[in-house]
Structure formats: structure tokens, C-alpha cells
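Shown next, in C-alpha cells, is the structure this report addresses.
In the working numbering, the protein residues as written are 219 to 313.
Have a look at this one:
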């Protein structure tokens, strides 16, 4: 498979899954857009970076490992998004 296509799909698939999760669980259209798009982009970028740099060709059970990494990244990005949205943390305190 072409390396560019693999990186694109590694970003796109988790981003779409997260967006669909917020589309199903969100009670409002604006919740879907406000949570789905930023969380999807953040999860997709982090997951593709972790997958590209840390998952080795010699690793067994890649699918299971990727699933748990995806869940961890999704939870981390969602917590950060909710904390930023509620004002518990600010961008100035992050940098």
C-alpha cells in the first residue's frame, strides 16, 4: 500500500469514528459539530503519529494494540477538550 494512502487512512478512520460517536451520543447538532470535529482531528493526528512511529512491523496483535491505543487517545483528547471548554485549563497554562 502506498505510504501516503496508509498515513491518510490512519488519520481518517479514527477521525470519522470519533465524529460518528459524537453524532450518535450528542443531544444537539451543535454538540455534534463542536465535539466531533475537534476531537476527531485531534484523535486522528495523535493516533496516526503513534501508529507511524511506535507500532513496529514485528509487533504481534497489531489490531488489538491499535484498538487500545485508539481508546486511550480518544479518552485523552476528549478529556482535554472538555477541560478546555469548561475553562478548567487554558491555552496559556498549557504552554
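Glycine included, each C-beta is placed from N, C-alpha and C at the ideal position.
{"query": "Residue range of the unbroken alpha helix (DSSP H) whose run includes residue 246", "result": "Unbroken run through residue 246: none, as it is neither H nor E."}
{"query": "Residue 237 vs residue 258 beta-carbon contact at 8 angstroms", "result": "yes"}
{"query": "Sub-8 angstroms separation of residue 244 and residue 253 beta-carbons", "result": "yes"}
{"query": "Cα-Cα separation between residue 308 and residue 302, rounded to whole angstroms", "result": "6 angstroms"}
{"query": "DSSP state of residue 224 mapped onto helix, strand, coil", "result": "helix"}
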